[in-house]
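Enquirer: Sending over a structure as structure tokens; questions will come in a sec.
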Amino acid sequence: MDSVKERSVDEVVSTILGKYNQRHHLMRILQEVQSNYGYLPREALEKISQSTGIPLSDIINVATFYHQYRLEIPGYYIFLVCMGTACHLKGNQDNYNVLRNTLGIKKGNTSSDGLVSVEKARCFGCCSLAPVMMVVSRDGCERYLHGNVDIKETKKLALTYRSMASKKVRSGE
Amino acid sequence: MAEWTLMDRCCDKCWHTVEYPCKHFIRCTVEGPLCHESAECRVKRKRRIEELKYGKYGIKIKVPISSCTLAAGAKEVYDAVSKEVLSSGLNADITISGCMGLCYLDPWIELSKKGLPTAIYVNVKPGDVPKILKEYLSGDLSNAFALRADPEGIYKNYKVPLLNDLTLWSNQVRFVSRGCGVLNPESIEDYIISNGFRGLDKILNMHPKNVIEFVKKSGLRGRGGAGFPTWMKWEIAQSQVSDIKYFIVNADEGDPGAFMNRLLAESDPYRVIEGMIIGAYAVGASKGYIFVRAEKPLMADRLSKAVEEIRKYGLLGRNILGSGFSFDIEVILSAGAFVCGEETALISAIEGRTRPRQRPPYPATRGLWDKPTVINNVETVAHVATVFQVGVEEFTKYGTEKSKGTKMFCVTGCVSRTGAYEVPIGMSLSKLVYDLAGGPPDGKKVKAVQIGGPSGGCVPSNLLNTPVDYESLQSAGAIMGSGGVVVIDEDSCMVDVAKFFTSFTLAESCGKCFTCRVGMKLLYDILKNITEGKGSEEDLELLNELSDVIIGSSLCALGGTAPNPIKSTLRYFRDEYVAHIKDRKCPAKVCPNLVEYWIDPAKCVGCGLCVKACPTNFITGERGKPHSIDPSKCIRCSQCFITCPQGAVIKR
Amino acid sequence: MVKLYINNKEVQVEAASTLLDAIVRAGFKVPTLCYLKDMFNEATCRVCIVELSGGRLVPSCSYPASEGLRVLTDSERVLKYRRAIVEMILASHKIKCQSCSMKGGYCQLLKLSKEFGVEGIPVCAECPLYGSECLLNLGIACLGPVTIAGCDAICTKERSPCIGCRGPASPDDVLEEGIKTFIKYKINIDEVVGISELFWGSNPLTQTIRKLFTNLHEGGRV
Amino acid sequence: MSIKVDFKVDKVFGHLELQIDLHGDEVKTRFVSSEDLRYFEHMVVGRKYYEVPYIVSRICGACSISHFLTSVNAVENALNVELDEEVITLKEVMHKLEIAQNTAVHLYFLALPDYLKVRNLSELMSAKPDIVKSAMMLNSLTLQAVNVLAGRIVNPLTYRVGGFTRGIPKETIDRVIKTLDRAEKLAEALSDLILGLDLPRLSDSELNYLTADPPTEYLTIGDYLVGSDGSRFRGMDYMQFISEEISDYSTTKYCRYRGRVFFVGPRARLLAFGERLPDYAGLIYDVRKELHNPFSNLKAKAVELLYCISNSKAVLGGLKEKNFSAPKEVRVRRGEGVGIMEAPRGLLIHHYVINDDGVVERSNIITPTVMFSKHVEVAAKTLSEELINNGASLNEIELKAAMLVRAYDPCLPCSVHLIVKEGDSRE
């Protein structure tokens, strides 16, 4: 991942700004930056501000207001645990706790080895399969939805994705 | 070279191009050719339609690919099907379809073969695929769940019910969701042969005022929640004088528990876009936005693809079908904030800002970039398209005096048949919960039904005969909202439910106006105290009063409705609150601080798993002998309860 | 021009006016906090709510005046809600009057809280010693930082120390802020507690003060 | 013959009951306070010396400045604080203005209705609206003047033990003087009205009085007391001359001066030092003829009202722009001090013992009403005997007795310092 980052923030941002550069594209610009890095690096935000003339405070306002944006680098895989009504009633809170325990996350959202993150998410619209969790990769290329997850399944998923992540990271992706 | 499709020219005589469009293009694709007489061209089109319906080789396998089926493993099933077809050398078309709303059956596949009834197989596992295929093709339909259609009338031989005969289907009126689970959401041809774009075809010859008049006659009300008459909104926007007007479709479905918009847009995106074009024509908008939630990527994907496809054939863009009306659509990905479901916040989001603003001025007069803007819900515009396709009479046949037509409801929570059901407005809640969704599993009792998401309220079980329409629900303390129905059974604590919704709205409050930002926090703190056994009786009065203030004086609809769950649970489940406060007990044994964990020595086998799970090491006991928890030191993390394989840890 | 009725009084304003304009024109008053004429019209603080004839509550600072509208600026409901809103604002306001630049009688929040009888702001907020030295600075044990405002800081105005006759400022964080102030000015806490007992008697808060002082002081030293 | 007249006296400060009993030949009168116990003497024990004035000024809102200043004097005496001449002068002005304000209120609202044959203020309002108007005006003007000097109209703020907390700008002084100019005119009208009254006739049987000895002129603050018997003694020694006793029927104590019933107040002041007011010699000449009559307290008050206002004006006019230095640094030490002052109703004594930490160990407060309450009983007895002998009706007895009480202007809230406590060390 670091190698991507070294592909100069300037370069990435100017590519994106080549496509969108209006004030009302801000949300889209940030989405594109995030899909590049998995989060919004500070330098990128500063660069956007310089190039578009949108005040940095406005950019950060948007970046912190919407749930989709991350300001810190997440793990390779990100567990998005649905916290909608149906999922709440069917015990996704317990699943969330189990995930954190299994992955040994005490503080913040990311495991200490930086492989996997666990985040709470809003409804995916799959309430009929509650409880639901989505696993996405940092680059946004992979996306898996898991429905009707119970505690056993949660534990299994946690371990599976962790080993997948460590394999990918080791192979230098 | 790509395959010839219905959308392409049949021969050189067809002069339809995007630049010089033909007025009759839509009808021509199916009924055509209209501008010239050619048996060859006619046959060509007929054959193509046949192919689309039954597959090139007479066998068609449909696998639904939508978010919910994917979560249940449809991708694996799809792969298994392709593998099986490839390896067995079968000549069959594999197509995708949308979700038909019966999510508890996911993943399902639909098989059709000329001469055989179309059969639906449910809860399919990838490993079952070869067997299912073999059985079906050999004519053995006994393991099918239901038959979609049986044109030949031979289903009786198979003892498999017809889908239409199942209560969960016969009680529905599939009006707007008629294409869901039937059509291929990525094929414009599929849509066009199922009467698609006929509404658009019709209205381009009508005066915009007449279009609005038509909608007025249908009595359609907004399906987003508030139930504002659609025609009225359109008329206001239409009467504004402005160089540019906007038409926005709100697909930022943030209500936890509601997913009909996702379902519609994923399974039948063209219908949504057709309705949108009709609306834009009626109000004179020249630019449209579809605002889609980022958490629902497939929905955004399907909508963008559909927009591109439609634009490619000249149904969108400049001078649509030679009518002189120009309109284009951009799909915008929301970055996910519940408040964006509110009109003005949605507009802010599109403008690249945050937070709602005070209304009036309403968006219909001053909206996006201060221009007249109409914002409609996905389901509303899909209804518009359908109404224009099939006519007003078909629509007004259903519903009540004040609210016409049908509405989709997503029934989730503690019911055995979770899913989305489209029913006539005015059907009773109990019918929806029991007859359609099958009631709670394991014979449990329904305690309450939560309708309308975080802005709605709870209807207790004794009021389940309330008809679902805007007015009746309101008087019962709930709202129709977008139509999420969450069934709550005895195992849930209503105070906890209220706390959940409050924590949701608290987290989603944009923080702009005071009453919502601070008021919700105060409400949450009070509820938290109550669930921790620190409440006092004055708190209940305070909850009520504070709720009234927040409802009465908040800036946007989020704050104006956020205390509803508290108000309605207080109204119907006051005794549960009192139990938390007075007896310091949670009757449903949900609130951790009011629950004691205890190991039943009769059940405990002494495996020691709980000892490992306990983060505080206060579970003791020799291996092989019953363990015990030190209640004074237990932190009630519930880890032992979750871990115990014997079910020996008991909450009391 | 549009004609509307404020508290049943007829008034005419230009078409583009807000209710607030009309209310002012009609000679009535509505409190405002976030509103700044021609600048901010965000309607976030909600204290300027008024009641329309249908019972709807709207912020007058941003609601457009329209023909025939009937507006009540001080109905029972409006006053009740407004009071609740002021209470909420205060509850979430980080009260640091000692270091606040609004000190000296300019604090709108103080004005509002006094108007509605909502208590929580200490005397320091209204101690209008414009520019002149704080009594604490002279080493005099003035109870201003821990006493509820509402008296117009009449004692300190006369350079007499506050003796806490209105009672202790209630939320703990206000007390804490006050005690930090005492520590800053090196005021003897025994003296403070002694004076506070004069009017607060056996109120447990006097002991709270001592405890907070000990905590903060030790915390501060480490 | 047996007559019993028990009635609540209205138009006085606080709740007062006067009981007149006739059994055979003997008339018994009782001055009964039905106020609650207020424990102020005990309240100040254990408090720091600088808090005491704040506490005692709350004894009564009517003459809080007198209590405040007396207490300040006692503390300053105890701690040996030497004050600047100007500070004392300004204290005296504050004090005189309070007397003026108090007198105005008493004469207009409490005393005058009786003589104008109305029962209360609201009747007065309809009968003589002009009088009420000027009464209101005079009250408000004097209050304004007090407000400027004391920081507010009750419980002064501008003084801390050791001196004034702030100076007074010239323009403020000018404003006060202007206010007093207006007040003076109204006060003259009021004095004319009072001095022209036809008072009920009554001869004092116990013409003993006690008053503070002003070092200069009249109503200035000093350390000595003088009595009608000609003795002059230091305030410190008050206990040798004045004895406090507890009655079994009232929550007030009562006092005797050298074992005799006595009175205090304007009448006593005028009797002792009237000759020091040459400007009002004419008026005093007339008033003096009546001074043996307890009712004449009213007329003495009318003279004092004029004096207080004009004297305050003169003193203030003499003050240039004043920027007082901060209050004197007070060195805390063990000490005992007595403050004596002439409150509007008469002599007021505050007495504190302060320990090494500056904390009050013992206190004693004797208020005017306590001093003259026995005298009221005696005068009321004489009055009712006379009335009974003249065959007056019960109503008339009640009315006249009430008028008599009101002439003394008792203030019950300030008279109730009784502590019923076993082993009380005070004599």
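Residue numbers (my numbering), protein chains in the order written: chain W, 29 to 201; chain U, -18 to 633; chain X, 583 to 804; chain H, 429 to 855. Built from N, CA and C at the ideal position, the CB exists for glycine as well.
1. Got a sec? Which residues, its chain only, sit under 7 Å from proline 405 of chain U by beta carbon, not counting five neighbours each side?
2. Using a Cβ-Cβ distance under 8 Å, would proline 341 of chain U count as near chain X?
3. Consult DSSP for methionine 475 of chain U and reduce its assignment to one of helix, strand or coil.
4. What does tyrosine 880 of chain H touch in chain X if you count any residue whose Cβ is under 7 Å from its own?
5. Expressed to the nearest angstrom, what Euclidean distance is found between the alpha-carbon atoms of lysine 849 of chain H and glutamate 469 of chain H?
6. Could you check what DSSP says for arginine 652 of chain X in three-state terms: helix, strand or coil?
7. Quick one: residues in its chain with C-beta nearer than 8 Å to the C-beta of threonine 148 of chain U, no 5 flanking neighbours on either side, listed in chain order?
8. Say whether chain H places a C-beta atom closer than 8 Å to the C-beta of glycine 650 of chain X.
9. Residues of chain U with CB closer than 8 Å to the CB of glutamine 78 of chain W, please, in chain order.
10. Listing by chain order, which chain X residues have their CB less than 8 Å from the CB of tyrosine 482 of chain H?
11. Figure out for me which residue from H:Asn583, H:Lys556, H:Lys545 and H:Thr531 has the closest Cα to the Cα of threonine 498 of chain H.
12. By the DSSP assignment, the alpha helix (DSSP H) with histidine 174 of chain W in it spans what residues?
13. How far does the alpha helix (DSSP H) with isoleucine 545 of chain X in it extend, from its first residue to its last?
14. Measure how close the beta-carbons of isoleucine 82 of chain W and isoleucine 88 of chain W come, nearest whole angstrom, since I'm counting them as under 8 Å.
15. Provide the residue span of the beta strand (DSSP E) that contains methionine 161 of chain W, from first to last.
16. Would you grab the beta carbon distance between glycine 438 of chain U and proline 546 of chain U for me? Rounded to a whole angstrom, and I think it's under 8 Å.
17. Report the rounded CA-to-CA distance for lysine 480 of chain U versus serine 528 of chain U, giving the unit in angstroms.
18. With distance defined between alpha-carbon atoms, name the residue in U:Cys474, U:Gly500 and U:Val468 nearest to alanine 158 of chain W.
19. From valine 440 of chain H to threonine 600 of chain H, what does the alpha carbon distance come to, in whole angstroms?
20. Beta-carbon within less than 6 Å of cysteine 497 of chain U's beta-carbon, same chain only, minus the 5 sequence neighbours each way: which residues are those?
21. Let me confirm a value: arginine 633 of chain U is counted as buried when at least 16 other C-beta atoms fall within 10 Å, else exposed. Which label applies?
22. Buried or exposed, going by whether 16 or more other CB atoms sit within 10 Å of the CB of serine 123 of chain U?
23. Restricting to Cα atoms, I'd like to know which of H:Gly590, H:Val804 and H:Pro597 is closest to lysine 756 of chain H.
24. Only counting the same chain, and skipping five residues up and downstream in sequence, which positions put a Cβ closer than 6 Å to that of glutamate 57 of chain U?
25. Quick one: residues in its chain with C-beta nearer than 6 Å to the C-beta of cysteine 9 of chain U, no 5 flanking neighbours on either side, listed in chain order?
26. Output, in chain order, the set of chain W residues within a Cβ distance shorter than 8 Å of isoleucine 469 of chain U.
27. Curious, which full-length beta strand (DSSP E) runs of at least 3 residues does the stretch 592 to 676 of chain H contain?
28. With contact counted as at least three CB pairs below 8 Å, one residue from each stretch, are the stretch -17 to -9 of chain U and the stretch 15 to 31 of chain U in contact?
29. Do lysine 476 of chain H and serine 740 of chain H come within 8 Å of each other at the CB atom, strictly closer than that value?
30. Thinking C-beta only, is isoleucine 794 of chain H closer than 8 Å to isoleucine 674 of chain H?
31. What's the gap between the Cα of glutamate 855 of chain H and the Cα of isoleucine 493 of chain H?
32. Consult DSSP for glutamine 431 of chain U and reduce its assignment to one of helix, strand or coil.
33. Can you give me the C-alpha to C-alpha distance between serine 853 of chain H and serine 778 of chain X, rounded to a whole angstrom?
34. Any beta carbon from chain W within less than 8 Å of threonine 335 of chain U's own beta carbon?
35. Note down, in chain order, each residue of its chain lying with its Cβ closer than 7 Å to the Cβ of tyrosine 139 of chain U, except the 5 sequence neighbours on either side.
36. Using a Cβ-Cβ distance under 8 Å, would methionine 621 of chain X count as near chain U?
Expert: Taking the definition as stated:
1. Val154, Tyr379, Gly380 and Thr387
2. yes
3. helix
4. The first residue shown for chain H is 429 and the last is 855, placing residue 880 of chain H beyond what the model contains.
5. Because the pLDDT of lysine 849 of chain H is 48, which lies under 50, any placement of that residue in the model is unreliable, and the number read from its coordinates should be weighed accordingly. Those two C-alpha atoms are separated by around 12 Å.
6. strand
7. Asp416 and Leu417
8. no
9. Ordered by position in chain U, no residue passes the 8 Å Cβ test against glutamine 78 of chain W, which lies about 17 Å from the chain.
10. Ile745 and Leu780
11. H:Asn583
12. Premise fails: histidine 174 of chain W lies in the beta strand (DSSP E), 171 to 174, not in any alpha helix (DSSP H).
13. No statement about residue 545 of chain X is possible, as the shown extent of chain X runs from 583 to 804 and does not include it.
14. About 10 Å; that fails the 8 Å criterion.
15. 161 to 165
16. 6 Å
17. 13 Å
18. U:Val468
19. 34 Å
20. Ser490, Ser535 and Gly540
21. exposed
22. exposed
23. H:Gly590
24. Pro107
25. Leu15
26. Leu117
27. 638 to 641, 652 to 655, 660 to 662 and 670 to 674
28. yes
29. no
30. no
31. Legend: pLDDT at glutamate 855 of chain H = 37, less than 50; position of this residue unreliable, value from coordinates given subsequently. Going from the Cα of glutamate 855 of chain H to the Cα of isoleucine 493 of chain H covers about 28 Å.
32. strand
33. Annotation note: pLDDT 43 at serine 853 of chain H (below 50); position unreliable, coordinate value reported separately. Approximately 29 Å between the Cα atoms of the pair.
34. yes
35. Leu122 and Ser123
36. no
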